[in-house]
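Colleague:
Number of protein chains: 2
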Amino acid sequence: MKASAIRYENVAVSTRIRLARNFADYPFPRRLGKASAREIVGIVSAALREVDAFELHYMDSIPSRLARVYIERYQISRDLWKNRDISAVLFLKRDGGSRTFEKELSDILTENVSVMINEEDHIREQYFVRGFDLKRGYERLSGIDESIAETIPFACDEELGYLTACPTNVGTGLRASVMLFLPALARRDRMREITAKLKRKGLTVRGMFGEGSGAEGDLYQISNEITLGARDTDILAIVEREVNDLVEEEIVERDMLQEEGGAALIDRILRSYGILTNCAQIDEHEFLERLSDVKLGVALGMLGGEMSDLDTLLVSTRPANLMELAGETLTEEGQDIFRARYAGRTLRRLCMLDEEMRENLFAEE
Amino acid sequence: MKASAIRYENVAVSTRIRLARNFADYPFPRRLGKASAREIVGIVSAALREVDAFELHYMDSIPSRLARVYIERYQISRDLWKNRDISAVLFLKRDGGSRTFEKELSDILTENVSVMINEEDHIREQYFVRGFDLKRGYERLSGIDESIAETIPFACDEELGYLTACPTNVGTGLRASVMLFLPALARRDRMREITAKLKRKGLTVRGMFGEGSGAEGDLYQISNEITLGARDTDILAIVEREVNDLVEEEIVERDMLQEEGGAALIDRILRSYGILTNCAQIDEHEFLERLSDVKLGVALGMLGGEMSDLDTLLVSTRPANLMELAGETLTEEGQDIFRARYAGRTLRRLCMLDEEMRENLFAEE
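Quick note, the sequences are listed as chains A and B, same order. The first sequence begins at 1400 in this note's numbering and counts up one residue at a time. The second sequence begins at 1400 in this note's numbering and counts up one residue at a time.
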């Protein structure tokens, strides 16, 4: 890893490891009765009671408002919510009490474990961590996985490996995803070529919101396509290597961007900063675009601030989290106004740009 | 006048009075020899020596750079510069010494007298004052006019009045112009109708840069079209009345704009403020548009600051003044960068917008 840690952090936003598992003695969730579904919830909860302090939530007891909050925070999947008549989730218990919305969200985005039950498969064990750390996630999930496996046998084929509801997950049931912030590669029109190259190596590139979504905010999710006929360690090694290469390429392109960008690049970044810190209403699409400029400004050292704070802001300004923060249901227009107000206040605090920093920007020109 | 003085000031930017005069014994400048032209310069200078402390500048001794600075500051006309082989100008002497560029410019835009010699006519006496004050300007020019008239006779016809090179000025030779900031009337699409109405009353509406120019920055110059067959006092009374009406109308429209504008209006004003206080390059056209938003914000009490400072900034950021300020010749791109830098620094100082003001903006919503 040639790039320094801080620059590295400015590219890799988060890492997610997911294991898909099914019990041999039950049909897949799509043909699962309510009673059996409850049994599975019971088995998994009991198995994990020994591992860590989890709290169980049945999805049919959660208001849709809150489900959307969890989805936006990557804590649960959309499919878990769709399956809510039989599904549940185990969240790691966190200190409750007087934590603010921001603190709680930041904690969840720093490190999080959730075990989804009766989603597409009986069990989806998921680990989420800020930055790039495949090993840590895999080890954390292994403990959980083994504890569950000790209770009743997983559906497993000697040749194929773990059996799953969807053939793309058969084998290891492992998906390793890394969210990367690639503004320079995107602006220099490199993403089509990179996506094709990664596809040949068995990796998929998706937008921030998963399958089929565009890459808003210059965020790209890289994950393994193949789970069949490969070992966990092979999959992790491929993802590790390709993500490292991509981070290197992004950093090289950022240097080029900064070298060639001149006043136009500074102008674009500072205008986005000026708009975000001042506007009175802004929709999510424009917000993501402008925040990407500001993040690039932070990455290039033009603006003060911590990348992790900006990535937290990216989640807190999504519709459901925004309404949670506002403490009320908001129309789309109301969301745009609240987003502008909250993000403006936050960015004015986080990304200070004093007169001296401004002078330096121009001096470097 | 129902509107309070402060609101009034936020509409009327400046007043200009001009008297066109010719000497009976000389041909009009377009057919004037160099020797005669010099004689006229001598006569006018001598006549005004008694009135006030003027300093004489022959236009052919002024670098074009400086001539453009004077034109942008409304001190001389483009035609005076075109006629530079025979033309000259008398400026009121000002305290020299350690005054800054900003202070000097602000003084000139606060009140200024200049007497142009051998422009289209032998003499163009001009008075410029911030705000709306026709009477003050007319009285000031009358003293100058009488002093010159005492030396040698003006070209005058008993029926027609003063004779001038262009028939549109024959009669009183008086042009009274008022520059108005009309963002609300302009945005609510009222200017076409108003221009037609004023035309029927013998008044002309022009853009900021005079004849044929567009109304950039929502600035409109109202002046009398007719000088023939009317008395000075009649002309001044018409302009006075129509400008008063227009100011009233603008204030009514501003109230409507603010009432109906909601978050979209606040958003537009704050975005322009955010861009102007942060951008790294901006061309004159966009600058005028955004400064108009900021001025409207000040007028509506959303932003702090003095309108007169913003009107001074509007002149200091024009190409020639900008280069004078920079102390060097700049390419167009260089001007855009320097304009952004200077205007940003100035606006961050002049139009403060603290957290409390921001909260109040949203609270009023």
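Every residue gets a Cβ at the ideal spot worked out from N, C-alpha and C, and that includes glycine. In this text the structure is predicted, and so the values were computed from the model without any measurement.
Which same chain residues, not among the five before or five after B:A1636, have their C-beta less than 8 Å away from its C-beta?
Modeller: Taken in chain order, the list of residues that qualify is empty.
Colleague: Using a C-beta to C-beta distance shorter than 7 Å, which residues of chain A count as neighbours of B:C1678?
Modeller: Correct list: D1666, L1669, R1670, G1673.
Colleague: Grouping DSSP H, G and I as helix and E and B as strand, with all else coil, what is B:H1521?
Modeller: It is coil, neither helix nor strand.
Colleague: Could you pull out every residue in the same chain whose Cβ sits closer than 7 Å to the Cβ of B:D1617, ignoring the five residues on either side in sequence?
Modeller: For B:D1617, where only same-chain residues beyond five positions count, the Cβ hits under 7 Å are F1580, L1581, P1582, A1585, S1691.
Colleague: Exposed or buried, A:E1524, counting other C-beta atoms within 10 Å across all chains shown (16 or more means buried)?
Modeller: The residue is buried, with at least 16 neighbouring Cβ atoms inside 10 Å.
Colleague: Quick check on A:G1536: buried or exposed, where buried means 16 or more other Cβ atoms within 10 Å of its Cβ?
Modeller: Answer is buried; the Cβ neighbour count reaches 16.
Colleague: Determine whether the beta carbon atoms of A:P1566 and A:A1423 lie at a separation below 8 Å.
Modeller: Against a cut-off of 8 Å, the Cβ pair of A:A1423 and A:P1566 comes out as no contact.
Colleague: Mind checking who B:F1580 pairs with in its DSSP beta bridge?
Modeller: According to DSSP, B:F1580 bridges with B:L1618.
Colleague: Below 8 Å, how does it come out for the stretch 1677–1690 of chain B and the stretch 1693–1705 of chain A: are there three or more Cβ pairs, yes or no?
Modeller: Cβ pair count under 8 Å is below three, so no.
Colleague: Spatial neighbours of B:S1403 within its chain, please: CB distance less than 8 Å, with the 5 preceding and 5 following residues excluded, ordered by chain position.
Modeller: The predicted position of B:S1403 is uncertain, since its pLDDT is 47 and thus under 50; no value can be drawn from it.
Colleague: Rounding to the nearest angstrom, what Cα-Cα distance links A:C1555 and A:A1419 in this structure?
Modeller: One C-alpha to the other measures close to 12 Å.
Colleague: At 4 residues or longer, and completely inside the stretch 1426–1450 of chain B: list those alpha helix (DSSP H) runs for me, N to C.
Modeller: Complete alpha helix (DSSP H) runs here, min 4: 1433–1448.
Colleague: Cβ closer than 7 Å: which chain B residues qualify as neighbours of A:F1761?
Modeller: Simply R1740.
Colleague: Run down chain B in chain order and give the residues with a C-beta less than 9 Å from the C-beta of A:A1662.
Modeller: Near A:A1662 (Cβ distances below 9 Å), the residues of chain B are A1679, Q1680, E1732, D1735, I1736, A1739.
Colleague: In terms of alpha-carbon separation, which member of B:L1504, B:D1451, B:K1481 lies closest to B:L1489?
Modeller: Of the candidates B:L1504, B:D1451, B:K1481, the one whose C-alpha sits nearest the C-alpha of B:L1489 is B:D1451.
Colleague: Identify, in the order they occur along the chain, each residue of the same chain with its Cβ nearer than 6 Å to the Cβ of B:V1514, setting aside the five sequence neighbours on each side.
Modeller: Excluding sequence neighbours, B:V1514 sits near L1489, E1524.
Colleague: State buried or exposed for A:E1549, treating a residue as buried only when at least 16 other CB atoms are found within 10 Å of its CB.
Modeller: Classification of A:E1549: exposed, given that the 10 Å Cβ count is below 16.
Colleague: Identify, in the order they occur along the chain, each residue of the same chain with its Cβ nearer than 6 Å to the Cβ of A:V1468, setting aside the five sequence neighbours on each side.
Modeller: Answer for A:V1468: A1719, N1720, E1723, listed in chain order.
Colleague: Quick check on DSSP: helix, strand or coil for A:M1706?
Modeller: Helix at A:M1706.
Colleague: Using 8 Å for Cβ pairs, my map puts B:R1394 next to B:V1512. What's the rounded Cβ distance?
Modeller: Residue 1394 of chain B lies beyond the residue range present for chain B, which begins at 1400 and ends at 1764; the question has no answer from this structure.
Colleague: So, helix, strand or coil for B:I1625, using DSSP?
Modeller: Here B:I1625 sits in coil by DSSP.
Colleague: How long is the line joining the alpha carbons of A:R1630 and A:T1571, rounded to whole angstroms?
Modeller: So the two alpha carbons sit approximately 7 Å from each other.
Colleague: May I ask you to list the residues that DSSP assigns as paired with B:H1684?
Modeller: Answer is none; B:H1684 lacks a bridge partner.
Colleague: Reducing DSSP to helix, strand and coil, say where B:Y1457 ends up.
Modeller: If DSSP states are grouped into helix, strand and coil, B:Y1457 belongs with the strands.
Colleague: Taking one C-beta from the stretch 1667–1679 of chain A and one from the stretch 1670–1681 of chain B each time, how about it: are there three or more such pairs within less than 8 Å?
Modeller: Touching, yes, given that three or more Cβ pairs across the two stretches are closer than 8 Å.
Colleague: Anyone know if the C-beta pair for B:E1683 and B:R1717 falls short of 8 Å?
Modeller: It is a contact, given that the beta carbons lie within the stated cut-off.
Colleague: DSSP puts B:S1513 in a beta bridge; with which residues?
Modeller: DSSP, once it has assigned bridges, lists B:F1490, B:Q1525 as partnering B:S1513.
Colleague: With distances taken from CA atoms, which of A:E1754, A:R1464, A:I1416 is nearest A:T1632?
Modeller: Considering only alpha carbons, the answer is A:I1416.
Colleague: Tell me the DSSP secondary structure of A:Y1561 in three-state form.
Modeller: If DSSP states are grouped into helix, strand and coil, A:Y1561 belongs with the strands.
Colleague: Hey, how far is the Cα of A:L1729 from the Cα of B:G1726?
Modeller: Rounded to the nearest angstrom, the two C-alpha atoms are 53 Å apart.
Colleague: With DSSP as the reference, please indicate the residues paired to A:C1750 in a beta bridge.
Modeller: DSSP lists no partner for A:C1750.
Colleague: Which of the three DSSP states, helix, strand or coil, is assigned to A:I1416?
Modeller: Three-state DSSP puts A:I1416 in a strand.
Colleague: Can you grab the Cα-Cα spacing for the pair A:L1602 / A:N1568, in whole Å?
Modeller: C-alpha separation (whole angstroms): 14 Å.
Colleague: Go to A:T1603, then tell me how far its beta strand (DSSP E) extends in each direction, as first and last residue.
Modeller: Unbroken beta strand (DSSP E) run through A:T1603: 1602–1606.
Colleague: In the DSSP assignment, the alpha helix (DSSP H) including A:M1701 goes from what residue to what residue?
Modeller: From DSSP, A:M1701 is part of no alpha helix (DSSP H); its letter is neither H nor E.
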